[in-house]
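Undergrad: Taken in order, the sequence shown gives residues 77 to 290; the numbers are from my numbering. Glycine residues also receive a C-beta, built at the ideal position from the N, C-alpha and C atoms.
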Amino acid sequence: MHPVLMIILVVLAFAVVGFLMWFSITTIVDTLLMGLLHHVQSRSTPPSSFLINKPNHIDLQDGLNCSGYASAYLLRHHGDTTANGAEIYQQLPGKMAGGYVYPKGIVRFFESLGYDVRYCHGDLNALKTEVTKGNPVIVLIRVRSEHNWLHYVPVVGYDADHLLLAESLPELVNCSESTHNRTVRTEDFLTLWNTREPKMPLYSRTYFAISVKR
């Protein structure tokens, strides 16, 4: 074998091994910090539109505590009408130094209250199918497409062209319906929902499926 070709093959082998080691270590660390992902594949086409029309109210956050406000919205949906976003945020485990709550913290919180919780990765049809079960679905999205800041927000419905959200960030509110206060065009939502980064390559297009145990 030509020496140059041998050198190229050795370099490629080291690169592949290095990539596999990085990917394995990153995945293990992400699983420990973020939680175990359930990969959901949509097996059917959801209805063209759906809206959860159960009475609720939408609190607006005043800090980096969207995790608490999204969780409180879910609790109110399931009957705890006094659930308050700021108070729930204080109860959430798994906080980073800056106050951000890892997804694993939301899972542990709802499990401690007796709920069935799955932290899922799936496509848009999988998300819509989950919404059609009648429970708001908390998604993890970017606040804005040009930034890596992450944001928890409940999806309460959709139509042919939009996702309908119960938004807790005041600056993102763009409507005042009784069921939702933010609409996002589907293509824009998919961009925001793509949260993949080098430090968490598998954690993109994720959502929480939360329901009362039967």
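Starting from His256, follow the alpha helix (DSSP H) in both directions and report where the run begins and ends.
TA: First-last for His256: undefined, no H or E at that position.
Undergrad: Whose C-alpha, out of Val288, Asn257, His227, Leu245, is nearest the C-alpha of Asn270?
TA: Checking every option, the nearest Cα to that of Asn270 belongs to His227.
Undergrad: For Ser147, which option in Ile128, Thr255, Gly181, Tyr234 has the closest C-alpha, if you only look at C-alpha atoms?
TA: That would be Gly181, whose Cα lies nearest to the Cα of Ser147.
Undergrad: Let's see if you can read the secondary structure: which residues bound the alpha helix (DSSP H) around Ala285?
TA: Unbroken run through Ala285 is the beta strand (DSSP E), 282-288; no alpha helix (DSSP H).
Undergrad: If I'm right that Asp192 touches Ser118 with Cβ under 8 Å, what's the distance once you round it to whole angstroms?
TA: In fact, because the Cβ distance is near 20 Å, the residues do not count as touching under 8 Å.
Undergrad: Going along the chain, which unbroken runs of the beta strand (DSSP E) with 3 or more residues stay wholly within the stretch 198-273?
TA: Whole beta strand (DSSP E) segments, 3+ residues: 213-218, 226-234, 238-241, 258-261.
Undergrad: How about His223 and Leu241: are their beta carbons less than 7 Å apart?
TA: Not in contact: His223 and Leu241 (Cβ atoms no closer than 7 Å).
Undergrad: Determine the direct distance from the alpha carbon of His238 to that of Tyr195, and round the result to whole angstroms.
TA: Answer to the nearest angstrom: the Cα atoms are 23 Å apart.
Undergrad: Tell me the residue span of the alpha helix (DSSP H) that contains Gln166.
TA: Per DSSP, Gln166 belongs to the alpha helix (DSSP H) from 161-167.
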